[in-house]
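Worksheet: the structure to be examined is printed underneath.
In our numbering, the protein residues as written are 245 to 528.
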(Lines of atoms letter the chains of each structure in order from A and count residues from 1; the text may use other names and numbers.)
(Lines give C-alpha, C1' and ligand atoms only; values in the text may rest on other atoms or scores of the structure.)
Protein backbone atom coordinates (compact mmCIF):
# COMPACT_ATOMS: atom_id res chain seq x y z
CA UNK A 1 0.00 0.00 0.00
CA UNK A 2 1.29 3.43 -0.90
CA UNK A 3 2.21 5.55 2.09
CA UNK A 4 -0.08 8.58 2.34
CA UNK A 5 1.48 11.97 2.95
CA UNK A 6 -0.24 14.63 5.06
CA UNK A 7 1.68 17.89 4.69
CA UNK A 8 5.28 17.10 5.60
CA UNK A 9 4.29 14.00 7.62
CA UNK A 10 4.52 10.55 6.03
CA UNK A 11 2.29 7.89 7.60
CA UNK A 12 4.08 4.59 8.21
CA UNK A 13 1.93 1.55 8.92
CA UNK A 14 2.68 -0.74 11.87
CA UNK A 15 0.65 -3.40 9.97
CA UNK A 16 -1.20 -3.46 6.70
CA UNK A 17 -4.90 -2.69 6.60
CA UNK A 18 -7.23 -5.61 5.77
CA UNK A 19 -8.44 -3.77 2.66
CA UNK A 20 -8.22 -0.45 0.87
CA UNK A 21 -9.87 2.25 3.03
CA UNK A 22 -13.01 3.75 1.53
CA UNK A 23 -12.68 6.93 3.59
CA UNK A 24 -10.57 8.54 6.28
CA UNK A 25 -11.52 11.01 8.98
CA UNK A 26 -8.96 13.04 10.92
CA UNK A 27 -10.10 14.23 14.35
CA UNK A 28 -8.48 16.15 17.19
CA UNK A 29 -9.40 15.18 20.74
CA UNK A 30 -9.53 17.30 23.90
CA UNK A 31 -5.92 16.38 24.73
CA UNK A 32 -4.68 17.93 21.47
CA UNK A 33 -3.97 14.61 19.78
CA UNK A 34 -4.81 13.86 16.15
CA UNK A 35 -6.33 10.56 15.06
CA UNK A 36 -7.01 9.21 11.59
CA UNK A 37 -10.03 6.92 11.41
CA UNK A 38 -10.18 4.59 8.38
CA UNK A 39 -13.26 2.80 7.09
CA UNK A 40 -12.25 -0.63 5.81
CA UNK A 41 -14.04 -3.89 5.10
CA UNK A 42 -12.85 -6.75 7.32
CA UNK A 43 -13.78 -10.31 6.38
CA UNK A 44 -14.68 -12.84 9.06
CA UNK A 45 -11.81 -15.25 9.73
CA UNK A 46 -12.44 -18.41 11.76
CA UNK A 47 -9.80 -19.39 14.29
CA UNK A 48 -8.83 -23.06 14.80
CA UNK A 49 -11.40 -25.04 16.80
CA UNK A 50 -10.70 -25.56 20.49
CA UNK A 51 -12.45 -27.65 23.15
CA UNK A 52 -12.22 -25.07 25.94
CA UNK A 53 -14.94 -22.63 26.92
CA UNK A 54 -15.42 -20.20 29.76
CA UNK A 55 -17.94 -18.17 31.64
CA UNK A 56 -17.04 -14.63 32.70
CA UNK A 57 -18.13 -13.27 36.05
CA UNK A 58 -17.31 -9.57 36.12
CA UNK A 59 -16.80 -7.81 39.42
CA UNK A 60 -15.03 -5.10 41.36
CA UNK A 61 -12.88 -7.20 43.71
CA UNK A 62 -11.52 -8.95 40.61
CA UNK A 63 -12.14 -7.64 37.12
CA UNK A 64 -13.14 -11.09 35.88
CA UNK A 65 -13.33 -14.68 37.12
CA UNK A 66 -12.88 -17.31 34.40
CA UNK A 67 -13.24 -21.09 34.19
CA UNK A 68 -11.13 -23.11 36.57
CA UNK A 69 -11.33 -20.33 39.16
CA UNK A 70 -8.81 -18.17 37.30
CA UNK A 71 -9.09 -14.58 38.54
CA UNK A 72 -8.04 -11.46 36.63
CA UNK A 73 -7.09 -8.59 38.90
CA UNK A 74 -8.72 -5.23 38.32
CA UNK A 75 -6.07 -2.70 37.15
CA UNK A 76 -8.03 0.28 38.56
CA UNK A 77 -6.46 2.77 36.19
CA UNK A 78 -8.52 5.72 37.39
CA UNK A 79 -7.82 5.03 41.06
CA UNK A 80 -4.07 4.89 40.41
CA UNK A 81 -4.13 8.18 38.52
CA UNK A 82 -6.27 10.06 41.05
CA UNK A 83 -3.37 11.97 42.64
CA UNK A 84 -2.10 13.32 39.33
CA UNK A 85 -5.62 14.17 38.24
CA UNK A 86 -6.27 15.97 41.52
CA UNK A 87 -3.15 18.11 41.14
CA UNK A 88 -4.02 18.93 37.53
CA UNK A 89 -7.59 19.87 38.46
CA UNK A 90 -6.37 22.15 41.27
CA UNK A 91 -3.95 23.88 38.91
CA UNK A 92 -6.79 24.38 36.42
CA UNK A 93 -9.11 25.88 39.05
CA UNK A 94 -6.51 28.53 39.93
CA UNK A 95 -6.11 29.82 36.39
CA UNK A 96 -8.00 32.88 35.21
CA UNK A 97 -10.96 32.09 32.98
CA UNK A 98 -10.33 32.84 29.34
CA UNK A 99 -6.54 33.02 29.75
CA UNK A 100 -3.98 31.05 27.76
CA UNK A 101 -2.67 29.47 30.95
CA UNK A 102 -6.13 28.10 31.68
CA UNK A 103 -6.30 26.58 28.19
CA UNK A 104 -2.91 24.90 28.79
CA UNK A 105 -4.05 23.61 32.18
CA UNK A 106 -7.26 22.25 30.64
CA UNK A 107 -5.19 20.37 28.05
CA UNK A 108 -3.05 18.84 30.83
CA UNK A 109 -6.17 17.57 32.59
CA UNK A 110 -7.47 16.13 29.32
CA UNK A 111 -4.16 14.37 28.69
CA UNK A 112 -4.27 12.72 32.11
CA UNK A 113 -7.78 11.44 31.43
CA UNK A 114 -6.69 10.29 27.96
CA UNK A 115 -3.85 8.24 29.48
CA UNK A 116 -6.32 6.48 31.78
CA UNK A 117 -8.72 5.81 28.90
CA UNK A 118 -5.96 4.50 26.63
CA UNK A 119 -4.59 2.18 29.32
CA UNK A 120 -8.06 0.79 30.05
CA UNK A 121 -8.80 0.25 26.35
CA UNK A 122 -5.47 -1.54 25.84
CA UNK A 123 -6.20 -3.82 28.80
CA UNK A 124 -9.65 -4.64 27.43
CA UNK A 125 -8.27 -5.37 23.95
CA UNK A 126 -5.52 -7.66 25.22
CA UNK A 127 -7.79 -9.63 27.56
CA UNK A 128 -10.65 -9.95 25.05
CA UNK A 129 -8.27 -11.10 22.30
CA UNK A 130 -6.74 -13.70 24.64
CA UNK A 131 -10.16 -15.05 25.61
CA UNK A 132 -11.21 -15.34 21.97
CA UNK A 133 -8.02 -17.20 21.03
CA UNK A 134 -8.25 -19.65 23.93
CA UNK A 135 -11.99 -20.44 24.04
CA UNK A 136 -14.48 -21.78 21.54
CA UNK A 137 -17.45 -20.45 23.53
CA UNK A 138 -17.72 -17.51 25.92
CA UNK A 139 -20.65 -16.86 28.23
CA UNK A 140 -21.09 -13.60 30.11
CA UNK A 141 -23.75 -12.11 32.35
CA UNK A 142 -25.66 -9.08 31.08
CA UNK A 143 -24.99 -6.53 33.83
CA UNK A 144 -27.17 -3.51 34.61
CA UNK A 145 -24.26 -1.09 34.28
CA UNK A 146 -26.42 2.04 34.14
CA UNK A 147 -28.13 1.08 37.38
CA UNK A 148 -24.86 0.32 39.16
CA UNK A 149 -23.44 3.64 37.92
CA UNK A 150 -26.05 5.44 40.03
CA UNK A 151 -24.93 3.84 43.30
CA UNK A 152 -22.03 4.56 45.65
CA UNK A 153 -19.96 2.16 43.53
CA UNK A 154 -20.23 4.45 40.51
CA UNK A 155 -16.55 5.41 40.33
CA UNK A 156 -15.38 1.81 40.51
CA UNK A 157 -17.97 0.71 37.95
CA UNK A 158 -16.88 3.39 35.47
CA UNK A 159 -13.23 2.58 36.14
CA UNK A 160 -13.82 -1.08 35.23
CA UNK A 161 -15.47 -0.32 31.88
CA UNK A 162 -17.50 -3.53 31.75
CA UNK A 163 -19.73 -2.46 28.87
CA UNK A 164 -16.76 -1.62 26.66
CA UNK A 165 -15.08 -4.94 27.45
CA UNK A 166 -18.20 -7.01 26.75
CA UNK A 167 -18.65 -5.17 23.46
CA UNK A 168 -15.10 -6.07 22.42
CA UNK A 169 -15.58 -9.73 23.30
CA UNK A 170 -18.85 -9.83 21.36
CA UNK A 171 -17.58 -8.34 18.11
CA UNK A 172 -14.34 -10.34 18.19
CA UNK A 173 -16.31 -13.55 18.74
CA UNK A 174 -18.43 -12.73 15.69
CA UNK A 175 -15.35 -11.83 13.64
CA UNK A 176 -13.42 -15.01 14.48
CA UNK A 177 -16.24 -17.54 14.53
CA UNK A 178 -16.58 -18.06 18.27
CA UNK A 179 -19.79 -18.63 20.25
CA UNK A 180 -20.84 -15.70 22.43
CA UNK A 181 -23.89 -15.77 24.70
CA UNK A 182 -25.23 -13.18 27.13
CA UNK A 183 -27.04 -14.53 30.17
CA UNK A 184 -30.11 -12.63 31.42
CA UNK A 185 -29.25 -10.15 34.16
CA UNK A 186 -31.87 -11.64 36.52
CA UNK A 187 -30.26 -15.08 36.45
CA UNK A 188 -29.19 -15.76 40.11
CA UNK A 189 -25.62 -16.77 39.29
CA UNK A 190 -24.19 -15.88 42.71
CA UNK A 191 -26.99 -17.32 44.89
CA UNK A 192 -27.45 -20.59 42.99
CA UNK A 193 -25.52 -23.58 44.32
CA UNK A 194 -23.55 -25.05 41.42
CA UNK A 195 -23.45 -28.44 43.20
CA UNK A 196 -27.10 -29.14 44.08
CA UNK A 197 -29.01 -26.28 42.42
CA UNK A 198 -30.44 -24.86 45.65
CA UNK A 199 -31.14 -21.13 45.69
CA UNK A 200 -29.84 -19.15 48.66
CA UNK A 201 -31.62 -16.17 50.19
CA UNK A 202 -30.42 -12.58 50.33
CA UNK A 203 -26.70 -12.26 49.70
CA UNK A 204 -25.11 -8.79 50.18
CA UNK A 205 -21.98 -7.90 48.22
CA UNK A 206 -19.93 -8.15 51.41
CA UNK A 207 -20.52 -11.92 51.47
CA UNK A 208 -17.67 -13.44 49.46
CA UNK A 209 -18.09 -17.06 50.62
CA UNK A 210 -21.18 -19.01 51.60
CA UNK A 211 -22.09 -22.56 52.52
CA UNK A 212 -25.04 -24.34 50.95
CA UNK A 213 -27.25 -26.66 53.08
CA UNK A 214 -25.86 -29.52 50.98
CA UNK A 215 -22.51 -28.91 52.71
CA UNK A 216 -20.56 -27.32 49.84
CA UNK A 217 -18.72 -24.05 50.56
CA UNK A 218 -18.62 -21.69 47.60
CA UNK A 219 -16.41 -18.82 46.60
CA UNK A 220 -19.06 -16.34 45.45
CA UNK A 221 -17.34 -15.35 42.18
CA UNK A 222 -16.13 -18.83 41.23
CA UNK A 223 -19.61 -20.26 41.86
CA UNK A 224 -21.12 -17.50 39.71
CA UNK A 225 -18.80 -18.33 36.79
CA UNK A 226 -19.73 -22.02 36.97
CA UNK A 227 -23.44 -21.18 36.90
CA UNK A 228 -23.01 -18.69 34.04
CA UNK A 229 -21.15 -21.30 32.00
CA UNK A 230 -23.79 -23.96 32.70
CA UNK A 231 -26.63 -21.59 31.75
CA UNK A 232 -24.80 -20.59 28.57
CA UNK A 233 -24.45 -24.23 27.59
CA UNK A 234 -28.17 -24.80 28.12
CA UNK A 235 -29.02 -21.82 25.92
CA UNK A 236 -26.73 -23.04 23.14
CA UNK A 237 -28.03 -26.62 23.42
CA UNK A 238 -31.62 -25.39 23.16
CA UNK A 239 -30.70 -23.46 20.04
CA UNK A 240 -32.21 -20.24 21.31
CA UNK A 241 -31.05 -16.81 22.34
CA UNK A 242 -31.68 -15.37 25.81
CA UNK A 243 -34.57 -12.91 26.00
CA UNK A 244 -33.21 -9.39 26.67
CA UNK A 245 -34.26 -8.29 30.13
CA UNK A 246 -34.29 -4.56 30.75
CA UNK A 247 -35.40 -4.62 34.38
CA UNK A 248 -38.48 -3.11 35.95
CA UNK A 249 -42.07 -4.16 35.24
CA UNK A 250 -42.94 -5.54 31.85
CA UNK A 251 -45.49 -3.56 29.82
CA UNK A 252 -48.84 -5.32 29.53
CA UNK A 253 -49.60 -6.30 25.94
CA UNK A 254 -52.44 -4.50 24.22
CA UNK A 255 -55.48 -6.50 22.98
CA UNK A 256 -54.32 -5.94 19.40
CA UNK A 257 -50.91 -7.46 20.19
CA UNK A 258 -52.43 -10.54 21.82
CA UNK A 259 -54.99 -10.95 19.03
CA UNK A 260 -57.85 -10.73 21.50
CA UNK A 261 -59.45 -7.42 20.60
CA UNK A 262 -62.61 -7.10 22.73
CA UNK A 263 -65.98 -6.54 21.11
CA UNK A 264 -67.64 -3.09 21.30
CA UNK A 265 -70.18 -4.46 23.77
CA UNK A 266 -67.40 -5.73 26.04
CA UNK A 267 -65.47 -2.49 25.83
CA UNK A 268 -68.47 -0.48 26.96
CA UNK A 269 -69.63 -2.78 29.76
CA UNK A 270 -68.07 -0.66 32.50
CA UNK A 271 -70.78 1.92 31.99
CA UNK A 272 -70.38 4.89 29.72
CA UNK A 273 -69.33 5.17 26.10
CA UNK A 274 -66.25 4.70 23.97
CA UNK A 275 -65.41 7.66 21.69
CA UNK A 276 -63.87 7.57 18.20
CA UNK A 277 -60.32 7.50 19.59
CA UNK A 278 -61.02 4.36 21.63
CA UNK A 279 -60.83 6.09 25.05
CA UNK A 280 -63.46 5.31 27.66
CA UNK A 281 -65.76 7.97 29.03
CA UNK A 282 -67.61 7.21 32.23
CA UNK A 283 -71.30 7.87 32.48
CA UNK A 284 -72.29 10.90 34.55
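Backbone N, C-alpha and C define an ideal beta-carbon position, used for all residues, glycine too.
The structure displayed is predicted, hence computed values, not measured ones.
Check, Outcome
"Alpha carbon of residue 256 to alpha carbon of residue 287, nearest angstrom", "23 Å"
"Rounded separation between residue 359 and residue 467 - CA only", "35 Å"
"For residue 303 and residue 403, believed in contact at Cβ under 8 Å, the rounded distance", "No, residue 403 and residue 303 are not in contact; Cβ-Cβ is about 13 Å, not under 8 Å."
"Cβ-Cβ separation, residue 413 to residue 375 (assumed contact under 8 Å), whole Å", "6 Å"
"Reference residue 473, options 426, 457 and 449, closest by Cα", "426"
"Range covered by the beta strand (DSSP E) that runs through residue 267", "267-272"
"Reduced DSSP category for residue 391 - H, G, I as helix; E, B as strand; rest coil", "helix"
"Limits of the alpha helix (DSSP H) - the one that residue 416 falls within", "406-419"
"C-alpha distance - residue 295 paired with residue 330, whole-angstrom precision", "48 Å"
"Any non-hydrogen atom of the ligand ADP within 7 Å of residue 407 CB", "Looking for the ligand ADP in the displayed structure turns up nothing, as the structure carries no ligands at all."
"Residue 360, enclosing alpha helix (DSSP H) - first and last residue", "344-378"
"Reduced DSSP secondary structure (H/G/I, E/B, other) of residue 431", "coil"
"Separation of residue 312 from residue 420, as counted between CA atoms", "24 Å"
"Cutoff 8 Å; reference residue 500; Cβ partners in own chain excluding five residues on either side", "Since pLDDT at residue 500 reaches only 49, below the 50 mark, its modelled position is unreliable, and the value read off the structure follows with that caveat. There are no such residues."
"Close beta carbons around residue 271, own chain, < 6 Å, minus the five adjacent residues each side", "279"
"Start-to-end residues for the alpha helix (DSSP H) that takes in residue 339", "Residue 339 -> no alpha helix (DSSP H), and no H or E assigned at all."
"Alpha-carbon spacing of residue 433 relative to residue 390, whole angstroms", "20 Å"
"As assigned by DSSP and simplified to three states, the class of residue 264", "coil"
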